[in-house]
Amino acid sequence: MKQKVQILKWMAAKTKPYVRNLILLILMGGILSFVRVYMAYISKDLIDSALERNHEILMKTGSVFCLTILVQIILKWLSADLSVKTAENMSGSLKIRLYRHLTNARWTDYMKYHTGDIQMRVVGDTQVAVNGIIDGIPKGATLFTGLLAAFIALLSFNKEIALITLLLGPCSLIFGGLVGSRYMSFHESTQEAEGRYRAYLQECLSHMLIIKTFCREGDSVEKLRKMQAEKKRLAVKRTFSTTLINTVAMMGLGLSFLLIFAIGISRVFDKTLTVGALTAYIQLIGQVLMPFVDMTVLFTTFLSAAGSAKRLMEIERLRIEKAEIKPSIKEFDELILDGLNFSYEKDKPLLKGISVSIKAGEIIGLVGASGQGKTTLINLIMQLINPDKGCILLKKENTIYNLEQFSARDLISYVPQGNTLFSGTIEENLEMGSTGTKAEEKIEALKGACALEFVNELKEGLNTVIGEYGIGLSEGQAQRVAIARALLKKAPLLLLDEATSALDMDTEKAILQNIIGLKRERTCIIITHRLSALRYCNRVFRLENGNLKEKEPAKMLAELNERAGFSVFFNASEA
Ligand SMILES: Nc1ncnc2c1ncn2[C@@H]1O[C@H](COP(=O)(O)OP(=O)(O)OP(=O)(O)O)[C@@H](O)[C@H]1O
Ligand SMILES: [Mg+2]
Numbered sequence: 001m002k003q004k005v006q007i008l009k010w011m012a013a014k015t016k017p018y019v020r021n022l023i024l025l026i027l028m029g030g031i032l033s034f035v036r037v038y039m040a041y042i043s044k045d046l047i048d049s050a051l052e053r054n055h056e057i058l059m060k061t062g063s064v065f066c067l068t069i070l071v072q073i074i075l076k077w078l079s080a081d082l083s084v085k086t087a088e089n090m091s092g093s094l095k096i097r098l099y100r101h102l103t104n105a106r107w108t109d110y111m112k113y114h115t116g117d118i119q120m121r122v123v124g125d126t127q128v129a130v131n132g133i134i135d136g137i138p139k140g141a142t143l144f145t146g147l148l149a150a151f152i153a154l155l156s157f158n159k160e161i162a163l164i165t166l167l168l169g170p171c172s173l174i175f176g177g178l179v180g181s182r183y184m185s186f187h188e189s190t191q192e193a194e195g196r197y198r199a200y201l202q203e204c205l206s207h208m209l210i211i212k213t214f215c216r217e218g219d220s221v222e223k224l225r226k227m228q229a230e231k232k233r234l235a236v237k238r239t240f241s242t243t244l245i246n247t248v249a250m251m252g253l254g255l256s257f258l259l260i261f262a263i264g265i266s267r268v269f270d271k272t273l274t275v276g277a278l279t280a281y282i283q284l285i286g287q288v289l290m291p292f293v294d295m296t297v298l299f300t301t302f303l304s305a306a307g308s309a310k311r312l313m314e315i316e317r318l319r320i321e322k323a324e325i326k327p328s329i330k331e332f333d334e335l336i337l338d339g340l341n342f343s344y345e346k347d348k349p350l351l352k353g354i355s356v357s358i359k360a361g362e363i364i365g366l367v368g369a370s371g372q373g374k375t376t377l378i379n380l381i382m383q384l385i386n387p388d389k390g391c392i393l394l395k396k397e398n399t400i401y402n403l404e405q406f407s408a409r410d411l412i413s414y415v416p417q418g419n420t421l422f423s424g425t426i427e428e429n430l431e432m433g434s435t436g437t438k439a440e441e442k443i444e445a446l447k448g449a450c451a452l453e454f455v456n457e458l459k460e461g462l463n464t465v466i467g468e469y470g471i472g473l474s475e476g477q478a479q480r481v482a483i484a485r486a487l488l489k490k491a492p493l494l495l496l497d498e499a500t501s502a503l504d505m506d507t508e509k510a511i512l513q514n515i516i517g518l519k520r521e522r523t524c525i526i527i528t529h530r531l532s533a534l535r536y537c538n539r540v541f542r543l544e545n546g547n548l549k550e551k552e553p554a555k556m557l558a559e560l561n562e563r564a565g566f567s568v569f570f571n572a573s574e575a
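Mapping the sequence shown onto UniProt numbering, position 28 (from 1) lands on 28, and the numbers just tick up by one.
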């Protein structure tokens with residue numbers, strides 16, 4: 001119950017800015033219902049005057065009849081236009097709000113969701129929720145006013161039949177209410193299955209190379225088919241309950257109609273009712289009973305909207321990262337990691353009391369076997385995750401800033417592990433590093449990343465369009481564009497996570513020398529598996545079993561060389 005109230009509150013809050021439009025839509029819908037009832041009302045005069053060959057009344061009622069049709073056309077056109085605009089505005093702003101929330105959400109919370117699932121919620125569920133509100137509320141109000149007007153008109157014809165009709169209608173609503181509580185969970189399961197399906201499809205499309213080269217085309221089609229079958233099963237289940245409610249409502253409607261029709265016919269035989277009155281009478285009965293059937297359908301629309309709203313509320317509940325609301329630091333003299341402990345899983349500590357002090361301008365090498373926590377450590381510095389114990393401090397002159405209270409992200413420029421380029425031009429990718437930069441600055445960054453030469457050789461230069469994940473560039477070229485993007489940010493702390501792993505030794509050397517050339521401007525932490533990169537570091541640390549051990553660069557090189565054994569003989573650049 002509490003949850004239902006929360007959902008209703010959420011829907012009310014999202015609807016608030018569009019109340020004026022909703023009222024207009026309700027008014028137009030109300031007028032339309034009255035016009036429809038009025039049409040039924042005057043159809044009596046129209047038919048009776050035609051049967052009596054009374055031309056004067058026929059012309060008069062005929063003109064009014066045409067006018068009501070015209071009014072209906074205009075009102076329907078206006079309300080459709082307003083409805084689409086309102087729905088688009090509402091879903092647009094809802095999607096932007098959700099996206100903004102996701103950009104501010106804690107990394108650990110965000111990572112729990114598959115991007116396909118998030119997409120389904122932001123796009124699919126937003127649409128369902130908005131349609132439920134913008135279509136559903138005016139429709140509900142229109143149905144109600146239509147029902148009321150038709151009932152009053154019917155009452156003026158025959159009280160007894162009007163009351164019988166009104167009593168038969170709500171039976172379908174009661175049945176709808178019984179099935180309704182399960183309908184919402186059916187809707188949620190269907191949306192979840194749709195999310196899983198989209199997520200898998202998205203991944204298959206992104207990793208088509210793996211599917212092709214591992215000859216998994218058939219398997220992936222089969223898996224997709226199975227997911228589709230599951231999706232269908234749930235959708236059929238959901239639709240079954242809608243159809244069940246609808247069928248019962250329609251059966252009730254049919255029986256009521258038959259009963260009332262029989263009474264009407266007997267009255268015509270008795271000559272207590274004219275044919276025209278019978279026509280109007282049948283139309284009005286329809287207008288009293290049909291809203292009940294439509295309301296059961298509308299009921300499921302509202303339930304779907306509520307189910308989708310629940311899924312959107314879940315996204316809105318993702319915790320905001322503290323960095324967003326903290327004051328930002330833009331300079332530092334010293335970065336201090338003080339007793340950092342971190343674990344992804346309880347009782348499985350990954351980092352155990354890491355303490356180190358890094359002076360501005362130092363080039364730090366960080367090595368360690370795969371899975372030891374190097375990326376995790378820099379994720380802590382970037383405040384993507386928070387330490388379980390210990391803290392990260394920044395010293396500027398005589399002031400010490402604890403990153404629990406301050407944001408260090410403006411301070412950091414980052415080249416992540418793996419390919420992280422966006423589809424678009426190379427220039428657009430560079431501008432992710434810093435917007436509004438001059439052409440010379442971009443050239444400078446490309447030069448620093450040893451990327452200028454190959455970019456100039458491309459037919460369109462900086463305007464060359466690259467595909468998803470940098471398709472169209474070699475791995476090493478994509479890495480260099482990612483380095484240029486980071487250099488363009490000109491932040492004082494540069495974090496390179498295996499940023500040169502795809503480069504040949506000469507290019508790696510040139511890039512690292514360029515970065516060292518910026519020494520006074522940048523402090524640099526280089527995570528690497530390659531010995532060659534360590535030659536350019538002032539200090540080198542090894543991360544092992546959750547502890548950080550400092551080694552003389554020369555000693556570390558010798559040690560790693562020794563560990564590498566024969567592999568050094570084959571490839572001296574590997575650590
Ligand atoms: N989001 C996560 N949730 C749970 N465990 C994680 C998560 N990310 C990483 N891990 C685990 O934490 C450990 C350290 O991962 P991390 O990526 O920091 O290693 P790494 O030293 O950077 O390795 P590599 O050299 O292969 O990049 C690994 O055992 C990994 O399985
Ligand atoms: Mg890593």
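Note that CB positions come from ideal geometry on N, CA and C, so glycine has one too.
Residue i: CB within 7 Å of a non-hydrogen atom of ligand 1
i	result
Q383	no
S370	yes
Y344	yes
L462	no
L340	no
L350	yes
Q191	no
Residue i: CB within 7 Å of a non-hydrogen atom of ligand 2
i	result
K374	yes
Q479	no
D497	yes
Q119	no
Q513	no
Q202	no
Q6	no
Rounded straight-line distance, which links the Cα of residue j to that of residue i
i	j	result
K459	V465	10 Å
L394	E314	35 Å
A575	H529	Only weak support exists for where A575 lies, its pLDDT of 39 falling under 50; the value from the coordinates is given anyway. Going by the C-alpha atoms only, they are around 5 Å apart.
V268	L46	17 Å
R535	L557	8 Å
L462	T425	7 Å
H207	G470	13 Å
T242	L273	38 Å
S573	S532	The pLDDT assigned to S573 is 40, lower than 50, so where the model puts this residue is not dependable, and the model offers no usable value.
T399	S328	14 Å
I483	L452	12 Å
V71	A149	17 Å
L512	F454	18 Å
F566	E559	Only weak support exists for where F566 lies, its pLDDT of 38 falling under 50; the value from the coordinates is given anyway. Straight-line Cα distance between these residues: approximately 14 Å.
G30	I152	15 Å
G62	L24	29 Å
A193	P17	32 Å
A445	S220	42 Å
A249	G276	28 Å
I42	C66	11 Å
L548	L350	12 Å
M432	R106	21 Å
L8	K310	10 Å
V122	M184	19 Å
First through last residue of the alpha helix (DSSP H) which encompasses residue i
i	result
G476	E475 to K489
I31	V19 to L51
G307	V275 to E316
S370	From DSSP, S370 is part of no alpha helix (DSSP H); its letter is neither H nor E.
E457	L452 to E457
Residues bridged to residue i [DSSP beta-bridge criterion]
i	result
A150	Bridge partners of A150: none, in fact.
V356	L337
D109	D109 is not bridged to any residue.
V465	T425
N547	E544
E345	K348
T523	L493
S407	S328
Residue i - containing beta strand (DSSP E), residue span
i	result
R542	R539 to E544
residue 599	Here the chain covers residues 1 to 575 and nothing more, so residue 599 does not appear.
L494	L493 to D497
N402	T399 to N402
K396	K389 to K396
Any non-hydrogen atom of ligand 3 within 7 Å of residue i CB
i	result
Q228	This structure does not include ligand 3; its bound ligands are ligand 1 and ligand 2.
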